[in-house]
Structures are given as C-alpha cells and as structure tokens.
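Asker: Per the numbering used here, the sequence shown starts with residue 1171, numbered consecutively.
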Amino acid sequence: SKELWLSNKKWTSEEINICANVKWELWPQVIKNIDNIPNIEGLDEKNVESVNSRVRSNLDYCFDCQLWFKQENPMQTKLFTFFSQVLTELVANRKLLSIDAHKYLMKHRKDIENISSNCSMDLQSSLQKMDKIINNYRLFI
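Below you can see the structure in the form of structure tokens.
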C-alpha cells in the first residue's frame, strides 16, 4: 500500500534509522512492500514528451525520498543506483529536453546537488554535464 512507500513523505528520520539498525527477520518482506522505485526504461527520441515527463517524475520521486538518501538504510544502494541512472539518462538525452524540463532543472538544481552529496557513487561528471545543460539554456534565453 502507498502508506509504506519510500516516497510518501511520511517517513521520519527515526523510522528510517530503525530500518537501518534493528535486526529483524521480517525486513525483507517490509522492504518488498515499501520499494516503489520506478524502473528506468531506455528513453528514446521516438517519444520526446515521455522523455521530459519521465525525467521530471523520476527526479520528483528522488526528492520525495530525500530522507532515505540521507540516512543509512537497506534501500540506499538501490536508490543511489536509480538516481545515478536518472542523471545519466538526463545527460544522454539532453538534446530532447524541453524548455519546461530546463526550467525544472534550474529550479531543482540545489535539490539534485543535495541528493548527490549523499550518494556513495561519484556523480561529479553527470552533475557537471547537467550544469552545462543549464548554463547553455541560460545563454539561450
């Protein structure tokens, strides 16, 4: 049910901490229920509209799960991988991004950086490319 989803904004730091620190044999079952991480499907040029809406919805998902990125917990690795894939797809499909998608990136640049700072993966290259996308857009407008 949605009440347990990672992205429901109801989770507190304390609850996530319990997830990380309490050894409980039912965690795998609980995690199966709370894991609503979207699948990353390959984006392509055939449907530009879906590229833009999916970039936004995937990043919105990450923003809704920010606490899960910040605190150690069993879902972190999977979330980091998802976030890294979202950034990679975004950069790879930069030519397909709409004006709205560019505005969205500018508006949420800080949120993206905050999540990146919690990731154990090196996302510097993707972030630099994203900044280049944003800066090119700024020059354009």
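We treat Cβ as the ideally placed atom computed from N, Cα and C, and that holds for glycine. Predicted model, so just to flag it, every value in this text is computed and none were measured.
#1: Just how far apart, CA to CA, sit Glu-1173 and Gln-1199?
#2: Tell me the rounded alpha-carbon separation between Asp-1301 and Leu-1196.
#3: Between which two residues does the alpha helix (DSSP H) holding His-1272 run?
#4: How is Lys-1180 classed by DSSP in three states: helix, strand or coil?
#5: Identify whether Leu-1196 lies in helix, strand or coil by the three-state DSSP scheme.
#6: Given Ser-1177, which residues of its chain have a CB within under 8 angstroms of its CB, disregarding the five upstream and five downstream residues?
#7: Going by beta carbon distance, what residues of the same chain come within less than 6 angstroms of Ile-1303, once the five residues before and after it are set aside?
#8: If distances are taken between C-alpha atoms only, which option among Tyr-1307, Phe-1252 and Lys-1248 comes closest to Ile-1147?
Answerer: So, to answer that:
#1: The straight-line gap from Cα to Cα measures roughly 15 angstroms.
#2: Straight-line Cα distance between these residues: approximately 42 angstroms.
#3: Counted as a single uninterrupted DSSP element, the alpha helix (DSSP H) harbouring His-1272 occupies residues 1269-1277.
#4: DSSP places Lys-1180 outside both helix and strand once states are collapsed to three, so it counts as coil.
#5: DSSP, read as helix, strand or coil, puts Leu-1196 in coil.
#6: Its chain contains Asn-1206, Tyr-1231, Asp-1234 and Cys-1235 as the residues whose beta carbon lies nearer than 8 angstroms to that of Ser-1177, once the 5 sequence neighbours on both sides are disregarded; these appear in chain order.
#7: For Ile-1303, where only same-chain residues beyond five positions count, the Cβ hits under 6 angstroms are Arg-1264.
#8: Nothing about residue 1147 can be read from this structure; the chain reaches only from 1171 to 1311.
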